[in-house]
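Peer 1: Mind having a look at this structure? Questions to follow.
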Amino acid sequence: MKPRIPPLPALRALETAARLHSFTRAAQELNVTHSAISHHLRALEDELGTVLFNRSGPRMIPTPACERLAAAVRKSLEDLADALDQARAQGAGVTNLQVSVMADFASAWLIRRLAAFAEQHPDIELMLRIHYQLEPPDPDSVDIGIWHRRINRKGYLCRKLLDDRVIAVASPTLLARYPGYTLADVPRMPMLRWTMRSWRDWLTAAGLPPDEPERGPVFDDPGIMLQAAVAGQGLATARWRMARHDIENGNLVQIGDISIPASMEYFVAWRENHVREAAITRFYQWLNTQLENDAPAPGGPLSPAGN
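Just so we're aligned: 294 in the UniProt record's numbering is position 294 of the sequence shown, and the numbers increase by one with no gaps anywhere.
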């Protein structure tokens, strides 16, 4: 016989009190009395035969056993909420798809294509979670991810999304300050910097001294850096696919015809036999179709999904 699962209100009281380190704040969040929280947790301690909280001044510090149990309850509640959302969506004939996507790919490429996806796939509702770190989040926390690193976890499919090249760009406003400019003028122009890409490779390809600029803003998000370039703050290196829209609209100008291979790749990953695999596959195929329709970058070919 399976062990009895404690009542849901008691488990919610434990998770909230462990997260807030306070019975009083837990009672406020759950809209119950302080005594109700205390009663639930005393009953849990009696049932489990272990201490769950230790008092430290006004704070209630969860024990290691409590921390483990609270984390399991938190994930179970999140899974339950997700299942309820999916049930409601399926009842309305819609599949909610949680997509984690790198910030630069989202801001410079994906977002402007969302309306086209919605028109082609009205039965799939995308729920975007923007990701900023180089390391992916827990892949189990979303349905599908577009990240810079491969997911090598057993039971996961991981596909290279695209090849790309890096160019240098600037706004026409900035370039107007350097009439008749040539490549030789680049080192004296303001140069924007990204923490994950050096200027050296592009400068070398352009036949210029490969001296990394020592002044100028430093960005940890290439999408924001590209916006700064559009605003005339300086030259920037950027992936062709990320800059293409602003180049075609006249917001940016490519500097010379130099391009170098992009050093950071994008990968798409999802769990095999996912309950929403049909919707995931349609989204992945749509991504590849959109990439195939992109114009090629100068200086080299572009290709969509690989292995």
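Backbone N, C-alpha and C define an ideal beta-carbon position, used for all residues, glycine too.
Considering only the beta carbon of each residue, do Ala43 and Ala36 sit closer than 8 Å?
Peer 2: Taking 8 Å as the Cβ cut-off, Ala43 and Ala36 do not qualify as a contacting pair.
Peer 1: Per DSSP, which residues does Pro62 bridge with? Please list them.
Peer 2: According to DSSP, which records beta bridges pairwise, Pro62 is partnered with Phe53.
Peer 1: Using a Cβ-Cβ cutoff of less than 7 Å, which residues in the same chain neighbour Glu135 once the five nearest sequence positions on both sides are dropped?
Peer 2: Result list for Glu135: Arg149, in chain order.
Peer 1: Quick check on Arg165 - is its C-beta less than 8 Å from some C-beta in chain C?
Peer 2: Included in the structure is just one protein chain, with no chain C present.
Peer 1: In chain order, which continuous runs of the alpha helix (DSSP H) of length 4 or greater are located wholly inside the region 222-269?
Peer 2: Listed in chain order, they are 222-230 and 240-248.
Peer 1: Over the uninterrupted alpha helix (DSSP H) stretch that includes Gln120, give me the two end residues.
Peer 2: Gln120 -> alpha helix (DSSP H) spans Leu114 to Gln120.
Peer 1: Contact check, residue 375 vs Val94 under 8 Å by CB: the rounded distance?
Peer 2: Residue 375 lies beyond the stretch modelled for the chain, which goes from 1 to 307, so this question has no answer here.
Peer 1: Taking contact to mean 3 or more Cβ pairs, one atom from each stretch, closer than 8 Å, check whether the region 208-222 and the region 278-285 are in contact.
Peer 2: Result no; under three Cβ-Cβ pairs closer than 8 Å.
Peer 1: In whole angstroms, what is the alpha-carbon distance linking residue 332 and Leu175?
Peer 2: Residue 332 lies beyond the residue range present for the chain, which begins at 1 and ends at 307; the question has no answer from this structure.
Peer 1: Whose CA, out of Pro6, Leu157, Ser259 and Leu252, lies closest to the CA of residue 310?
Peer 2: Lying outside 1 to 307, the shown extent of the chain, residue 310 is not represented and no answer is given.
Peer 1: Considering Cα atoms alone, identify which of Thr204, Asn293, Val218 and Val169 is closest to Arg193.
Peer 2: Of the listed residues, the one whose Cα sits closest to Arg193 is Val218.
Peer 1: Tell me the DSSP secondary structure of Gln133 in three-state form.
Peer 2: Correct three-state label for Gln133: coil.
Peer 1: Taking 8 Å as the limit between beta carbons, can you name the residues of its chain near Glu45, skipping five residues before and five after?
Peer 2: Counting only Cβ-Cβ distances below 8 Å, and skipping sequence neighbours, we find Val51 and Leu52.
Peer 1: Going straight from the alpha carbon of His245 to that of Gly180, what length do you get?
Peer 2: Distance between the alpha carbons of His245 and Gly180: 25 Å.
Peer 1: Mark Ala72 as exposed unless 16 or more other C-beta atoms lie within 10 angstroms of its C-beta, in which case mark it buried.
Peer 2: Burial call: exposed.
Peer 1: Got a sec? Which residues, its chain only, sit under 8 Å from Gly250 by beta carbon, not counting five neighbours each side?
Peer 2: Hits under 8 Å: Pro172.
Peer 1: With DSSP collapsed to three states, give me the class of Lys154.
Peer 2: Coil at Lys154, not helix or strand.
Peer 1: At the level of alpha carbons, what is the spacing between Tyr132 and Gln120?
Peer 2: About 28 Å.
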